[in-house]
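Enquirer: For the sequence shown, counting from 1, position 181 maps to 1358 in our numbering; every step adds exactly one. We put the beta carbon where it would ideally sit given N, CA and C, even for glycine. Below you'll find the structure I mean.
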Amino acid sequence: MVRDEPTSWPRIELLALDCDGVLTDGQVAVDAEGREVKRFSLRDGHGISLAQSSGVRVAIITRSGSAAIEARGAKLGVEVITSKEKEQALRELAQRHDIPLSACAFVGDDVFDIPAMRLCGLGVAVADAHPDVLAAADHVTSAPGGHGAARELIDALLTQRSTTRRETPSPISRRTAEGVYVIAEIGQNHQGELSLAKELIHAAKLCGVDAVKSQKRDIMELLSEEERDRPYSSPHAFGATYGEHRL
């Protein structure tokens, strides 16, 4: 049965990711010297950094190692394990870090990933995974591999963690316990982008605030035509007029 709701997931302490087809879209370019070039998602990389800063250990387990994968792993600061037996590699990784398999998640896309997915507490398939992998998964991301699937999962994991107990209450949570209601100001920093607004809200939630405040403005209603057309020569201006700057 697919456990689509994060509230039904186990608390994940170790996230293991396949590389090709999960962190990349599965395509590879090879130059004249036989060197592989793979395309990775920066959004996934940012998500991995967030996961690690929140206490989730992240590793890459791949059947076919390459210089590109090793370089990406080093850039992200995660361990890269090359093994044709991913199930055993995951078992040894969890044992080495004293993490129960029930607190591990594995993200895959091909049939070689199914044993590792079934071994851990949460088996995840990317949206464009092989049909057998989709059928074996506890959860399927809405994004395909290499296009934000890892970040999507990590956001859900971190949201789940933030709604469970805090082992060490933050100064904010201590203040709220004393009756202070804390509101984080987002203002217009979302720049009109829903995805950025969600990231700001998520970051505020991880800090333990009670609510967030944001706003948006319609420049056509806020400013008169004369004010919009007024020349604006600030060194920080985004346009020649004040209206262009505010847009």
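1. Which term fits Tyr1358, buried or exposed, when burial requires 16 or more other beta carbons within 10 angstroms of its beta carbon?
2. Of all the options Pro1412, Ser1410, Glu1421, which has the alpha carbon lying nearest to the alpha carbon of Met1431?
3. Within 8 Å, do at least three Cβ pairs link the segment 1273-1281 to the segment 1189-1204?
4. Given a cut-off of 9 Å, decide if Lys1393 and Ala1361 are closer than it, judged by their beta-carbon atoms.
5. Taking DSSP as the reference, what is the three-state secondary structure of Gly1222?
6. Could you tell me whether the segment 1254-1263 touches the segment 1206-1217, using the rule of 3 or more Cβ pairs below 8 Å?
7. Which residue comes first and which comes last in the beta strand (DSSP E) that contains Ser1391?
8. Let me check understanding here. Comparing Cα to Cα, which of Ile1238, Val1284, Glu1264 lies closest to Arg1328?
9. On the three-state DSSP scale, how would you describe Glu1262?
10. Leaving out the 5 sequence neighbours to the left and right, which residues in its chain are closer than 7 Å to Pro1408 when beta-carbon positions are compared?
11. Reducing DSSP to helix, strand and coil, say where Ile1276 ends up.
12. Candidates Leu1377, Phe1289, Gln1365: which alpha carbon is nearest Val1199's?
13. Excluding the 5 residues preceding and the 5 following Ser1339 in the sequence, name in chain order all residues of the same chain whose CB lies nearer than 6 Å to its CB.
14. Could you give the C-beta distance for Cys1281 and Gly1254, rounded to a whole number, given that I count them as a contact under 8 Å?
15. Which same chain residues end up closer than 6 Å to Asp1197 when comparing Cβ atoms and leaving out the 5 residues on each side of it in sequence?
16. Check this for me: beta carbons of Ala1304 and Gly1322, under 9 Å apart or not?
17. What's the C-alpha gap between Val1235 and Thr1184?
18. Using the C-alpha atoms, what's the distance from Leu1334 back to Asp1195?
19. Does DSSP classify Thr1318 as helix, strand or coil?
20. Roughly how many angstroms separate the alpha carbons of Arg1405 and Ser1319, rounded to a whole number?
21. Please report the straight-line C-alpha distance between Ala1312 and Leu1267, rounded to a whole angstrom.
22. Where does the unbroken beta strand (DSSP E) through Leu1194 begin, and where does it stop?
23. Using a Cβ-Cβ cut-off of 6 Å (strictly less than) and excluding sequence neighbours within five positions of Val1205, which residues of its own chain qualify?
24. Within 10 angstroms of its Cβ, does Val1207 collect 16 or more other Cβ (buried), or is it exposed?
Expert: Short version:
1. With fewer than 16 other Cβ atoms within 10 Å, it is exposed.
2. Any answer about residue 1431 is impossible in this case: the structure gives the chain only from 1178 up to 1424.
3. yes
4. In terms of Cβ geometry, Ala1361 and Lys1393 do not form a close pair [threshold 9 Å].
5. helix
6. no
7. 1388-1391
8. Val1284
9. coil
10. Ala1417, Thr1418
11. In the structure shown, Ile1276 sits in coil (DSSP, three-state: anything other than H, G, I, E or B).
12. Phe1289
13. Lys1382, Leu1383
14. Between Gly1254 and Cys1281 the Cβ distance is about 19 Å, and since that is not below 8 Å, they are no contact.
15. Correct list, in chain order: Gly1203.
16. Closer than 9 Å, so yes.
17. If you take the alpha carbons of Val1235 and Thr1184, they lie about 21 Å apart.
18. 17 Å
19. coil
20. 42 Å
21. 21 Å
22. Membership of Leu1194 in the beta strand (DSSP E) is indicated by the continuous run 1191-1194.
23. The residues are Glu1213, Lys1215.
24. Answer is exposed; the Cβ neighbour count stays below 16.
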